[in-house]
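Visitor:
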Amino acid sequence: MGKFLLKRVIAMVITIFLVITLTFLLMHSIPGGPFTKEKKVPPAIEEALNKKYNLDDSLPKQYIDYLKRIAKLDLGPSFQYEGMTVNKLIKDGFPTSAKLGSFTVLLTLALGIPFGVLSALKQNKWPDYIVMFLATLGITIPAFVLATVFIYFFALKLGLLPTFGLDSWKGYILPVLALAGYSLSFITRLTRSSMLEVMQQDYIRTARAKGLPERVVIFKHGLRNSILPVVTYVGPMIAAILTGSFVIEKIFALPGMGRHFVQSITNRDYTTIMGITIFFATFLVFMVLIVDIVYLLVDPRIKLDD
Amino acid sequence: MENLNSNSKNIPKELWTKIDDTEKNKEQISRKSLTYFQDSWRRLKENKMAMIGLSVVIILILIALFGPMFSPYEYSDQNLSYSSLTPRLDIYKVSDDSYIHLANGLRLYRVTESGKIIELLSATEQNLIEKKITYDVKGKTVLLDFENQPFKLLDGNGNEYSYHDRVWNKTYLFGSDDLGRDILVRVIYGARISLLIAFVATVVNFFIGVLYGGIAGYAGGKLDNFMMRIVDIISTVPLMLYVILLMVVLGSGLKPIIIALGSIYWVGMARIVRGQILSLKEQEYVLAAKSIGTRHWRILTRHLLPNAMGPIIVSMTMMIPRAIFVEAFLSFIGLGVSAPKASWGTLANDALGALRSYPHQLFFPALAICVTMFAFNFLGDGLRDALDPRLRK
Numbered sequence: 001m002g003k004f005l006l007k008r009v010i011a012m013v014i015t016i017f018l019v020i021t022l023t024f025l026l027m028h029s030i031p032g033g034p035f036t037k038e039k040k041v042p043p044a045i046e047e048a049l050n051k052k053y054n055l056d057d058s059l060p061k062q063y064i065d066y067l068k069r070i071a072k073l074d075l076g077p078s079f080q081y082e083g084m085t086v087n088k089l090i091k092d093g094f095p096t097s098a099k100l101g102s103f104t105v106l107l108t109l110a111l112g113i114p115f116g117v118l119s120a121l122k123q124n125k126w127p128d129y130i131v132m133f134l135a136t137l138g139i140t141i142p143a144f145v146l147a148t149v150f151i152y153f154f155a156l157k158l159g160l161l162p163t164f165g166l167d168s169w170k171g172y173i174l175p176v177l178a179l180a181g182y183s184l185s186f187i188t189r190l191t192r193s194s195m196l197e198v199m200q201q202d203y204i205r206t207a208r209a210k211g212l213p214e215r216v217v218i219f220k221h222g223l224r225n226s227i228l229p230v231v232t233y234v235g236p237m238i239a240a241i242l243t244g245s246f247v248i249e250k251i252f253a254l255p256g257m258g259r260h261f262v263q264s265i266t267n268r269d270y271t272t273i274m275g276i277t278i279f280f281a282t283f284l285v286f287m288v289l290i291v292d293i294v295y296l297l298v299d300p301r302i303k304l305d306d
Numbered sequence: 001m002e003n004l005n006s007n008s009k010n011i012p013k014e015l016w017t018k019i020d021d022t023e024k025n026k027e028q029i030s031r032k033s034l035t036y037f038q039d040s041w042r043r044l045k046e047n048k049m050a051m052i053g054l055s056v057v058i059i060l061i062l063i064a065l066f067g068p069m070f071s072p073y074e075y076s077d078q079n080l081s082y083s084s085l086t087p088r089l090d091i092y093k094v095s096d097d098s099y100i101h102l103a104n105g106l107r108l109y110r111v112t113e114s115g116k117i118i119e120l121l122s123a124t125e126q127n128l129i130e131k132k133i134t135y136d137v138k139g140k141t142v143l144l145d146f147e148n149q150p151f152k153l154l155d156g157n158g159n160e161y162s163y164h165d166r167v168w169n170k171t172y173l174f175g176s177d178d179l180g181r182d183i184l185v186r187v188i189y190g191a192r193i194s195l196l197i198a199f200v201a202t203v204v205n206f207f208i209g210v211l212y213g214g215i216a217g218y219a220g221g222k223l224d225n226f227m228m229r230i231v232d233i234i235s236t237v238p239l240m241l242y243v244i245l246l247m248v249v250l251g252s253g254l255k256p257i258i259i260a261l262g263s264i265y266w267v268g269m270a271r272i273v274r275g276q277i278l279s280l281k282e283q284e285y286v287l288a289a290k291s292i293g294t295r296h297w298r299i300l301t302r303h304l305l306p307n308a309m310g311p312i313i314v315s316m317t318m319m320i321p322r323a324i325f326v327e328a329f330l331s332f333i334g335l336g337v338s339a340p341k342a343s344w345g346t347l348a349n350d351a352l353g354a355l356r357s358y359p360h361q362l363f364f365p366a367l368a369i370c371v372t373m374f375a376f377n378f379l380g381d382g383l384r385d386a387l388d389p390r391l392r393k
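Residue numbers (the UniProt record's numbering), protein chains in the order written: chain A, 1 to 306; chain B, 1 to 393.
1) If the criterion is Cβ atoms closer than 8 Å, does the pair MET319 of chain B and THR171 of chain B meet it?
2) Enumerate, from N- to C-terminal direction, the unbroken beta strand (DSSP E) stretches of 3 or more residues contained entirely within the region 115-153 of chain B.
3) Within 10 Å of its beta-carbon, does TRP16 of chain B have 16 or more other beta-carbons around it, so buried, or fewer, so exposed?
4) Compute the beta-carbon to beta-carbon distance between ALA289 of chain B and HIS303 of chain B, rounded to the nearest angstrom, for a pair I have assumed lies under 8 Å.
5) Count the other C-beta atoms from every protein chain shown that fall within 10 angstroms of the C-beta of ILE58 of chain B, then say buried if there are 16 or more, exposed otherwise.
6) Is it true that the CB of ILE257 of chain B sits closer than 8 Å to the CB of ILE197 of chain B?
7) For ASN225 of chain A and VAL198 of chain A, I'd like the C-alpha separation in whole angstroms.
8) Tell me where the beta strand (DSSP E) around HIS101 of chain B begins and ends.
9) Tell me, please, whether the region 264-278 of chain A touches the region 200-218 of chain A by the rule of three or more beta-carbon pairs shorter than 8 Å.
10) From the DSSP secondary-structure annotation, give me the bridge partner or partners of SER95 of chain B.
11) Name the chain B residues that come within less than 8 Å of LEU134 of chain A, Cβ to Cβ?
12) Just by C-beta distance, which residues in the region 263-281 of chain B are closer than 9 Å to chain A?
13) Based on the DSSP secondary-structure assignment, which residues constitute the bridge partners of VAL167 of chain B?
14) Shortest alpha-carbon distance to VAL326 of chain B belongs to which of B:GLY380, B:PHE199, B:VAL273?
15) Do we get a CB-CB distance below 8 Å when we pair ARG42 of chain B with the residues of chain A?
16) Does DSSP put THR317 of chain B in a helix, a strand or coil?
17) Return the CA-CA distance between PHE186 of chain A and ILE139 of chain A, expressed in angstroms with no decimal places.
18) With distances taken from CA atoms, which of B:VAL237, B:ILE333, B:HIS360 is nearest PHE17 of chain A?
19) What does a CB cutoff of less than 6 Å around ARG208 of chain A pick up in its chain, not counting 5 residues either side in sequence?
20) Here's the rule: buried if 16 or more other CB atoms are within 10 angstroms of the residue's CB, otherwise exposed. What is PRO213 of chain A?
21) Would you grab the beta carbon distance between residue 403 of chain B and GLY213 of chain B for me? Rounded to a whole angstrom, and I think it's under 8 Å.
22) Please state whether DSSP places SER176 of chain B in a helix, a strand or coil.
23) Can you list, in chain order, the residues of its chain with a C-beta nearer than 8 Å to that of HIS296 of chain B? Leave out the 5 residues immediately preceding and following it.
24) Helix, strand or coil for THR202 of chain B, going by three-state DSSP, please let me know.
25) I believe LEU330 of chain B touches VAL243 of chain B by the beta-carbon criterion, under 8 Å. Please report the beta-carbon distance rounded to the nearest angstrom.
26) Using alpha carbons as the reference points, say which of A:ALA253, A:GLY275, A:ILE45, A:VAL298 lies closest to PRO162 of chain A.
27) So which residues of chain B does GLY250 of chain A contact, with C-beta pairs closer than 7 Å?
28) Kindly give me the distance between the Cβ atoms of LEU223 of chain A and VAL117 of chain A, rounded to whole angstroms, as I take these residues to be in contact under 8 Å.
29) Please check the pair residue 307 of chain A and GLY101 of chain A, which I expect to be a contact at CB under 8 Å, by giving their CB distance rounded to whole angstroms.
30) So that I know if they touch, is there some Cβ in chain A lying closer than 8 Å to that of ALA328 of chain B?
31) Taking a Cβ distance cut-off of 7 Å, strictly less, list which residues of the region 162-182 of chain A are near chain B, in chain order.
32) Quick one: give me the first and last residue of the alpha helix (DSSP H) that SER192 of chain A is part of.
33) Using CA coordinates, which residue listed in A:LEU137, A:ALA155, A:LYS88, A:ARG69 is at the minimum distance from ILE251 of chain A?
34) I'd like the list of long-range same chain contacts for VAL204 of chain B, defined as Cβ closer than 6 Å, with 5 residues on each side in sequence excluded.
35) Take TYR295 of chain A and list the residues in its own chain whose beta-carbon comes closer than 6 Å to its own, dropping the five residues that flank it on each side.
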């Protein structure tokens, strides 16, 4: 276990380092500096700005300085909002995004797995058809379409739920549903196919033959084994929910990280784009590591020395 | 020998008959032998959903290619006086041959009975204090009273004009957007852009991914390990983030999207190809090819890759809806093609602000995206079952 963890942590550090380098190089390869605007800034002011943000240093020196600052967990100032740092943007936005994201993950798992099991147990009967139809819809409809359709029907036509903001618990319903659409469908399909496979195994027949109640066969022997692929998908799922939340936060005007990110893209706020990208990447790599560890704990068959 | 002779003499004569042809050819294999692709096509044809998907894809491609020819409008044609018209018009009868339609924003149009828009009427008299506008429709007075909802259309004597019918907008079948551009033709042009991006990005990914995965799998050992670590590192972070970063650097437009998609999304293909090559290269025919001195490159391109074609094609068809989705996503967050060009994503994004008043502007591009995603997904699922029956679940 220790060796596995060490290996994974090293790989993680390399990944994050490469992401930082890549972002740095990409952002510095853009023609024109961050202060290049349609309206020409007087050269003296531009020089002063460049000096203030150390943009007149050589590229390697800037790179090393940037790495040093990141090592101190400082992602630098925003070039578009006065007095705003990227750290502060993250601190402001992340709790909202995290709340939205965790609700979505919970909903996805709490609905996706039971639906998948139901669908597998009633294979080729009407519950299966209904669930699979909805799951196919969920996979093919992009989140932003789903979100706008929800807004149109539930908020504008029926007036049941708010169109934007998170003032009450009602505000969460539509964003969470729209965000969960894809992952929920995917998990349902995954659980179904894996459950179908597991239920044909010999040990299920053995369990039935020795007279175990069907409930135990399904949940203890069937579900426990078929849940493994679902655990593997949780890592990519968090990534999907995270990128999905860019548009969802934009549509519902939620004050989260995703909206800051999209705004920084439209404003060409390069330091913010860099900072948030690095933050996202690091966060995801961490989540994937955690998922891997959970996977090890859930499945005793996995060999650790690999 | 003697024994045998005596035996055959014992068999009664009537059993010695000549067999006819049907009996003789019983063992012959009569069914034509099918190649791998013929066989797959046969299996694909049996899959109804996949065939529906395939037909929709073909229809979409035809519409994207030839649709604009049949449209009287260009995607950039603006007509500000015809802006934000809905696809369904409520028309009122003024006289036997003149009908009017009241659009949002107190705009009164003269239309035909079938729903063709003739002109935007200009007011002869405006009384903004009493909230009344007077129009002259072919010699008849129309008084628009907008003091209370619903607005009233009155004639000179104060009687309401009768509601005639709700008809399809014949001038703009899908309605028009906020600049008076035809949404139908813009959705068709959007199909061109979305399909073009999907196609080019998929082809680029195909070449890079197949070569990368092929070389890694065939070379094996340290090189394989190194190349696959790179793939691992790239795919730890969601590919969308890289694409967004690249798009920020390259600027928005058609070419940057293709470059950004093409330079990142090959990692999935590389993994699949490598896995296939790893198992295929242990086959005897590779050994045979090696033993007669075939060059490595030739073994890879002529022997190994054609045999891995099934999974490669499947992952290509899965790539197409993904590329369409990514393009729509990028356009939606403002990194897509720039105006007046439009892709489905930008159309949806533009319509978002006016969702409350003009849902039709969002409905058609969104429907187009969904139908396309459905079609490609079903086709992809069907192809997977047909080309690689082992993967069937």
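Just so you know, even glycine gets a beta-carbon here, dropped at the ideal spot from N, CA and C.
Guide: In brief:
1) Cβ distance not < 8 Å, so MET319 of chain B and THR171 of chain B don't count as in contact.
2) With a minimum length of 3 residues, the continuous beta strand (DSSP E) runs that stay inside the region 115-153 of chain B are 117-120, 125-127, 132-137, 140-145.
3) Answer is exposed; the Cβ neighbour count stays below 16.
4) Separation of the CB atoms of ALA289 of chain B and HIS303 of chain B is rounded to 6 Å, and the pair is thereby assigned contact status at 8 Å.
5) With fewer than 16 other Cβ atoms within 10 Å, it is exposed.
6) Yes, they are a contact pair.
7) One C-alpha to the other measures close to 7 Å.
8) Its beta strand (DSSP E) spans residues 98-103.
9) With a cut-off of 8 Å, the region 200-218 of chain A and the region 264-278 of chain A do not count as touching, because too few Cβ pairs lie within range.
10) DSSP links SER95 of chain B through a beta bridge to B:SER98.
11) None at all; the shortest Cβ gap to chain B is about 13 Å.
12) Listed in sequence order: no entries.
13) BP columns for VAL167 of chain B point to B:LEU89.
14) Answer by Cα proximity: B:PHE199.
15) With respect to chain A, the C-beta atom of ARG42 of chain B has no partner C-beta closer than 8 Å.
16) It is helical.
17) Their Cα atoms are separated by approximately 7 Å.
18) Selected option, being the one with the closest Cα: B:VAL237.
19) So the list reads VAL217, once near-sequence residues are dropped.
20) Of the residues assessed, PRO213 of chain A falls on the exposed side of the cut-off, its CB having fewer than 16 other CB atoms within 10 angstroms.
21) In the structure as shown, chain B starts at 1 and stops at 393, and residue 403 of chain B therefore has no counterpart that could be examined.
22) Here SER176 of chain B carries a strand assignment [DSSP, helix/strand/coil].
23) Excluding sequence positions up to five before and after HIS296 of chain B, its CB lies within less than 8 Å of the CB of TYR218, all in the same chain and listed in chain order.
24) Note: THR202 of chain B maps to helix in three-state DSSP.
25) Contact holds; Cβ gap of about 7 Å.
26) The candidate whose alpha carbon is nearest that of PRO162 of chain A is A:ALA253.
27) Checking the sequence, you will find Lys at residue 250 of chain A rather than Gly. Neighbours of LYS250 of chain A in chain B, taken as residues whose beta carbon is under 7 Å from its own, are ILE333 in chain order.
28) LEU223 of chain A to VAL117 of chain A, Cβ: 6 Å. Contact.
29) Only positions 1 to 306 of chain A appear in the structure, and residue 307 of chain A is not among them; the question remains open.
30) The beta-carbon of ALA328 of chain B is placed less than 8 Å from the nearest beta-carbon of chain A.
31) For the region 162-182 of chain A, the set of residues with a beta-carbon nearer than 7 Å to any beta-carbon of chain B is empty.
32) Note that residue 192 of chain A corresponds to Arg in the displayed sequence, not to Ser. Where ARG192 of chain A is concerned, the enclosing alpha helix (DSSP H) stretches over 170-198.
33) Check the Cα spacing between ILE251 of chain A and each of A:LEU137, A:ALA155, A:LYS88, A:ARG69: the tightest is with A:ALA155.
34) In chain order, GLY262 place their CB closer than 6 Å to the CB of VAL204 of chain B, counting only its own chain and leaving out the 5 sequence neighbours on each side.
35) For TYR295 of chain A, where only same-chain residues beyond five positions count, the Cβ hits under 6 Å are VAL231.
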